[in-house]
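Following our numbering, the numbering of the sequence shown begins with 117 at its first residue and continues without gaps.
For glycine and all other residues, C-beta sits at the position ideal for the given N, C-alpha and C.
Just so it is clear, the structure is predicted and the values come from calculations on it, not from any experiment.
See structure below.
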Amino acid sequence: MKKNIKSYNLDELKEEFIKLGEKPYRAEQVFKWIHQENVTSFNEMTNISLELREKLDKEFTMCIYNIIRKQESIDGTKKYLFDVLDGNAIETVLMEYKHGKSICVSSQIGCKMGCKFCASTGIEFVRSLTPGEIIEQVLAVQRDENIKISNLVFMGIGEPLDNYDNVMKAIQILNNPKGINMGARHISISTSGLVPKIYELADKDIQCTLSISLHATTDELRSALMPVNNAYNIEELMKACRYYIEKTNKRISFEYALAKDNNDNLEDAKRLVKLLKGMLCHVNLIPINKIENGKFTKSTNENILKFRDYLNDNGIVATVRRELGSDIDAACGQLRRKNL
Ligand code: SF4
117 MKKNIKSYNL
127 DELKEEFIKL
137 GEKPYRAEQV
147 FKWIHQENVT
157 SFNEMTNISL
167 ELREKLDKEF
177 TMCIYNIIRK
187 QESIDGTKKY
197 LFDVLDGNAI
207 ETVLMEYKHG
217 KSICVSSQIG
227 CKMGCKFCAS
237 TGIEFVRSLT
247 PGEIIEQVLA
257 VQRDENIKIS
267 NLVFMGIGEP
277 LDNYDNVMKA
287 IQILNNPKGI
297 NMGARHISIS
307 TSGLVPKIYE
317 LADKDIQCTL
327 SISLHATTDE
337 LRSALMPVNN
347 AYNIEELMKA
357 CRYYIEKTNK
367 RISFEYALAK
377 DNNDNLEDAK
387 RLVKLLKGML
397 CHVNLIPINK
407 IENGKFTKST
417 NENILKFRDY
427 LNDNGIVATV
437 RRELGSDIDA
447 ACGQLRRKNL
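If you want it as structure tokens, here you go:
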């Protein structure tokens, strides 16, 4: 089977070229063609000899995704369903912010975590994506829209910390100034709370932003919403978060999706303040997207603002996230499910 050339960092690619009897600087040229020029075939690499292009074509695949479906929201959000070339599909979302274009990538095909509010629950976990398959989401959207993406969030389908090594490698490849050159500060990892991996990430000390999907303030409710809480409860999660902040001196973002009569009352807000008191953090309140056939509905605007104000008045910085793409099923997993 051909190897995906997008999964190689520059040093590894140089090694591969040496094995092929080629000079390492050729690897750098090819790396630039792939990640900066975003070409779709070895044939387009005009400063590479025909002989080498043929050699590369025999050894490697360029992993070029086909678009199965593309939906566009009235607010400009674009949602892609990509064919990952093995019969599976993944989704990727492009969002427009004042500070630039941001992409939300998937890290796995399906997900093992089973969060109840997530539409990808019920879609069986198939496998983790390789670094190259993560990178190709960025390149495919850049090609399709003829744009440069400035920010990336691992918030699509999959638990990125359950695919730790491949996600770390994808970040390293994205960072390379001779490639896409996206700084780690522009990359955010969102986890459902895999505690051991939060410690690992803290010790790695990369400059990414860490987001924690919290969504509840009691173990009872959190375990009901997110089975991962049975393995690592809120206390253990908070301990890991404190360690992360102490180690990296970086602010953690806590995601809290508000669902009507579920986790949006004043008692929840009070407990949240108690949990996060003194932590270098920010709370992102998300008006939950209504999930087809799901049992959660969005909080009222009044409740959302009350919740936010209570947090802010009590020393926890909280903002309400803009609802992007709500008319095109922005909750992760929904587009994929529709296609099944
Ligand atoms: S919310 Fe994220 S971690 Fe939870 S099931 Fe959905 S994709 Fe997995």
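Limits of the beta strand (DSSP E) - the one that residue i falls within
i: THR325; result: 325-329
i: GLU371; result: 368-374
i: GLY216; result: 216-221
i: PRO343; result: Element bounds for PRO343: n/a, residue is neither H nor E.
i: MET211; result: 205-213
i: PRO403; result: 397-403
i: THR307; result: 303-307
i: ALA434; result: 434-436
i: LYS270; result: Per the sequence shown, residue 270 should be read as Phe rather than Lys. 267-270 is the span of the beta strand (DSSP E), which, as asked, contains PHE270.
Exposure of residue i, with buried meaning 16 or more beta-carbon neighbours within 10 Å
i: ARG301; result: exposed
i: ILE289; result: buried
i: ASP278; result: buried
i: TYR213; result: exposed
i: ARG142; result: buried
i: THR307; result: buried
i: THR435; result: exposed
i: LEU268; result: buried
i: ILE251; result: buried
i: GLY309; result: buried
i: ASN282; result: buried
i: LYS393; result: exposed
i: ALA446; result: Residue confidence for ALA446 is low, a pLDDT of 48 falling below 50, so the modelled location carries little weight; the figure read from the coordinates is stated next. It counts as buried.
i: ASN346; result: exposed
i: LYS411; result: exposed
i: GLU408; result: Low confidence applies to GLU408: its pLDDT is 48, below 50, so where it sits in the model is not reliable enough to give any reading.
i: GLU138; result: buried
i: ARG424; result: buried
Pair within 9 Å by beta-carbon distance, residue i and residue j
i: VAL344; j: MET229; result: yes
i: GLU249; j: ASN120; result: yes
i: ILE432; j: LEU388; result: yes
i: ILE184; j: GLY226; result: no
i: PHE198; j: LYS118; result: no
i: ASP209; j: PHE270; result: With the sequence shown as reference, residue 209 is identified as Val, and Asp is not the correct amino acid for it. No, the Cβ-Cβ distance between VAL209 and PHE270 is not below 9 Å.
i: ILE368; j: LEU396; result: yes
i: LEU337; j: ASN379; result: yes
i: ILE314; j: LEU353; result: yes
i: PHE85; j: LEU317; result: Because the chain spans 117 through 456 in this model, residue 85 falls outside it and cannot be assessed.
i: SER339; j: THR325; result: no
i: GLN224; j: GLU275; result: yes
i: THR334; j: LYS376; result: no
i: ASN163; j: ASP173; result: no
i: PHE147; j: LYS294; result: yes
i: LYS122; j: MET211; result: no
i: LYS285; j: ASN125; result: yes
i: ILE287; j: LYS217; result: no
i: ASN182; j: LEU201; result: yes
i: LEU385; j: PHE233; result: The sequence shown places Ala at residue 385, not Leu. It is not a contact, given that the beta carbons lie outside the stated cut-off.
i: LEU136; j: LYS171; result: yes
i: ILE296; j: GLN253; result: no
N-terminal and C-terminal residue of the alpha helix (DSSP H) that residue i is part of
i: CYS179; result: It is not in any alpha helix (DSSP H) - CYS179 carries neither H nor E in the DSSP assignment.
i: LEU427; result: 417-429
i: LYS285; result: 280-291
i: GLY196; result: With the sequence shown as reference, residue 196 is identified as Tyr, and Gly is not the correct amino acid for it. Here TYR196 belongs to no alpha helix (DSSP H); instead the beta strand (DSSP E) covers 194-199.
i: LEU245; result: Where LEU245 is concerned, there is no enclosing alpha helix (DSSP H), given that its DSSP letter is neither H nor E.
i: PHE147; result: 140-151
i: TYR359; result: 350-364
i: ILE314; result: 311-320
i: GLU128; result: 126-135
i: GLU383; result: 382-392
Beta carbon proximity, residue i to chain B, threshold 9 Å
i: ILE328; result: Protein chain content of the structure displayed is limited to a single chain, and chain B is not contained in it.
Cβ-heavy atom distance, residue i to the ligand SAH, below 8 Å
i: CYS234; result: Because the ligand SAH does not appear in the structure shown, any question about it cannot be addressed here, the ligands present being the ligand SF4.
| query | Is there contact here, the segment 414-422 with the segment 391-406, by at least three beta-carbon pairs under 8 Å? | reply | yes
| query | Taking contact to mean at least 3 C-beta pairs separated by less than 8 Å, is the segment 253-269 in contact with the segment 141-156? | reply | Segments in contact, yes.
| task | Take every Cβ of the segment 240-255, pair it with every Cβ of the segment 184-193, and state whether three or more of those distances are shorter than 8 Å. | result | no
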